[in-house]
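A quick write-up on the structure given underneath.
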Amino acid sequence: MQNSTCRNLWIVWFVLTLNVSLNAQMNFSARERLQGYAISGDTTFFVFDEALYGVQPQRVLLEGEMRSWDHNMEDPTWRMQRAKNDAKLWMLALANPAFARVKPGAQFKFRINEGIWLVVPESAPNEKGGNLIFAHEVVPTQVRAELVSARHVRVLITGEKVKLSLNAQDYRLTLADGTALPIAAVLRLSPKELHLRPTLPLDLKRVHFLEVLPLQQKVVASFEGYFRHLYSNKELGANYDAQQQHTMFRVFAPRATQVRLFLYDAPAGEAFQTVEMKPDEDGVWESAVAGNMEGKYYDFTVHGANDPGNYFFEQRPVHVNDPYARV
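Here the sequence shown is numbered in the numbering used here, starting from -3 and rising by one per residue.
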């Protein structure tokens, strides 16, 4: 009963807020009319000026990324209303606290009557590629995270008036299955860069997610930092060593948990030999096969964690060719 009452009160507040916004009849500047929107507190106004477009429509709808360009001309949510104090002005007020509903950078246009698309004024300061850009002067809050080592997660946070918290409780690091990984410390490296130190070493073969709780943003931690520091001077591909009288096969797969080498006498048919390759500390998998394998055919299966975004054998059960093969 209490939840229902709270929900009803929120709906009443939302409707009243929207009505106040609609009836406030703001005096939009020439720039706001040209760019097609205005922002007042937590309310976003989309503004359509007939004089700028040289039309006298019977109805106007907002179309754009905020509604996934769904082309539905009958959706009342995006129908604009004629302003009471200006017969040539149409407007749509949306509650948009913290840009939760319409994000900075969202593209939009106006459609009229039965669905006619209107050409955006070339003089609009936020015109790009034939569309208008919402909040084009706002730097959106953006979070990027990358795994650097088992003990180092690099975090970059950009945006207007963003304050970087050094409280470990404001960050949540998890595996793809939701397993939480405690954070021992947060260090500031620059005004926009942090270093998170996990309590326990991370498994760099797994996919990790980082959530910045105060910003309500969750991102996948990339492997760019980890790969950036990997280096091996070993020769990759298949190479015959006449002195050792074996062919050395090597492939770079630092996130793999298993790599199998398959050798064939012909392009089609069953493998005459399957070899379990061994990894070194730099992410290179290798195996020495006795004899000169010149003229033979080979491929691999590369195995890894069954995490979202991975393309190992567990997600796509296919053999892969050697990217380092000489032809």
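Every residue gets a Cβ at the ideal spot worked out from N, C-alpha and C, and that includes glycine.
key: Per-residue burial, THR195 [other beta carbons within 10 Å of its own, 16 or more giving buried]   = Flag for THR195 reads exposed.
ask   = Grouping DSSP H, G and I as helix and E and B as strand, with all else coil, what is ASP276?
value = In the structure shown, ASP276 sits in coil (DSSP, three-state: anything other than H, G, I, E or B).
key: Identity of the residue in PRO117, HIS225, PHE106 nearest ALA26 by Cα   = PRO117
query = Going by DSSP, what residues sit across from TRP113 in a beta bridge?
reply = According to the DSSP secondary-structure assignment, TRP113 is paired through a beta bridge with ARG107.
key: Cβ pair count under 8 Å reaching 3, the segment 265 to 280 against the segment 211 to 218   = no
request  = Using a threshold of 8 Å, state whether the C-beta atoms of ALA238 and TYR294 are closer than that.
outcome  = no
request  = On a CA-only basis, which of VAL255, GLY300, ALA47, GLU220 is nearest ARG140? Give me that one, please.
outcome  = GLU220
inquiry  = Quick check: the Cα distance between GLU46 and SER36, rounded to an integer number of angstroms?
reply    = 22 Å
ask   = Hey, how far is the Cα of ASN127 from the Cα of GLU61?
value = 11 Å
ask   = Which runs of the beta strand (DSSP E), 3 residues or longer, sit entirely within the segment 48 to 128?
value = 56 to 60, 85 to 91, 103 to 108
ask   = What whole-angstrom Cβ distance do VAL389 and PHE245 have, given they're in contact under 8 Å?
value = Summary: the structure shown does not reach residue 389, with the chain confined to residues -3 through 323, and so no result is reported for it.
message = As a quick exercise: from LYS157, LEU152, VAL203, pick the residue whose alpha carbon is nearest that of ARG184.
response = Relative to the Cα of ARG184, the nearest Cα in the group LYS157, LEU152, VAL203 belongs to LEU152.
key: For LEU162, the three-state DSSP class (helix, strand or coil)   = coil
Residue environment, VAL354, which counts as buried when at least 16 other CB atoms sit within 10 Å = This structure does not reach residue 354, given that the chain is present from -3 up to 323, and the question cannot be answered.
inquiry  = Let me confirm a value: TRP74 is counted as buried when at least 16 other C-beta atoms fall within 10 Å, else exposed. Which label applies?
reply    = buried
message = Let me check understanding here. Comparing Cα to Cα, which of GLY291, VAL208, TYR320, ALA120 lies closest to GLY32?
response = ALA120
key: Spatial distance of SER145 from ASP173 (CA atoms)   = 21 Å
inquiry  = Which residue wins for smallest C-alpha separation from ASN288, given the options ASP261, GLY155, TYR236, PHE268?
reply    = Nearest option by C-alpha distance: TYR236.
query = Among the residues of its own chain, which have a CB less than 7 Å from the CB of GLU28, if the five just before and after it don't count?
reply = ALA34, VAL43
ask   = Who does ARG184 pair with in a DSSP beta bridge?
value = LEU190
task = Kindly list the residues whose CB is nearer than 6 Å to the CB of ALA20, restricted to its own chain and excluding five residues on each side of it in sequence; keep chain order.
result = For ALA20, the predicted structure reports a pLDDT of 48, less than 50, and the residue's modelled location is therefore unreliable. The matter cannot be settled from this model.
ask   = Taking the C-alpha atoms as reference points, what is the distance between VAL285 and HIS242?
value = 5 Å
ask   = What's the call for ILE112, buried or exposed, on a 16-neighbour Cβ count within 10 Å?
value = exposed
query = Going along the chain, which residues of its own chain have a beta-carbon closer than 7 Å to the beta-carbon of PRO210, five neighbours each way excluded?
reply = A distance below 7 Å between beta-carbons, with the five flanking residues on each side excluded, links PRO210 to the following residues of its chain, in chain order: SER161, ASP166.
task = For PHE223, collect the residues of the same chain with a Cβ closer than 8 Å to its Cβ; drop the 5 residues on either side in sequence, then sort them by chain order.
result = PRO250
task = Please name the residue or residues paired with MET289 in a DSSP beta bridge.
result = Paired residue(s): none; MET289 is not in a bridge.
task = Have a look at ARG107, TRP86, MET22, GLY50 and flag the residue whose alpha-carbon is nearest the alpha-carbon of LEU57.
result = ARG107
Coil, strand or helix - TYR320 by DSSP = Three-state result, TYR320: coil.
query = Is GLU220 helix, strand or coil when you go by DSSP?
reply = helix
inquiry  = In whole angstroms, give me the CA-to-CA distance for ALA252 and ASN68.
reply    = 46 Å
request  = For ARG29, name the three-state secondary structure that DSSP assigns.
outcome  = helix
key: Best match in ASN306, SER64, LYS84, ALA164 for proximity to VAL51 [C-alpha to C-alpha]   = LYS84
message = Using only the alpha-carbon positions, how far apart do VAL135 and GLY101 sit?
response = 9 Å
query = Considering GLU231, what are the terminal residues of the beta strand (DSSP E) in which it resides?
reply = Here GLU231 belongs to no beta strand (DSSP E), and DSSP marks it neither H nor E.
message = Within 8 Å of any Cβ in chain C, is that where the Cβ of ARG29 sits?
response = Absent from the structure is chain C; it holds one protein chain and no more.
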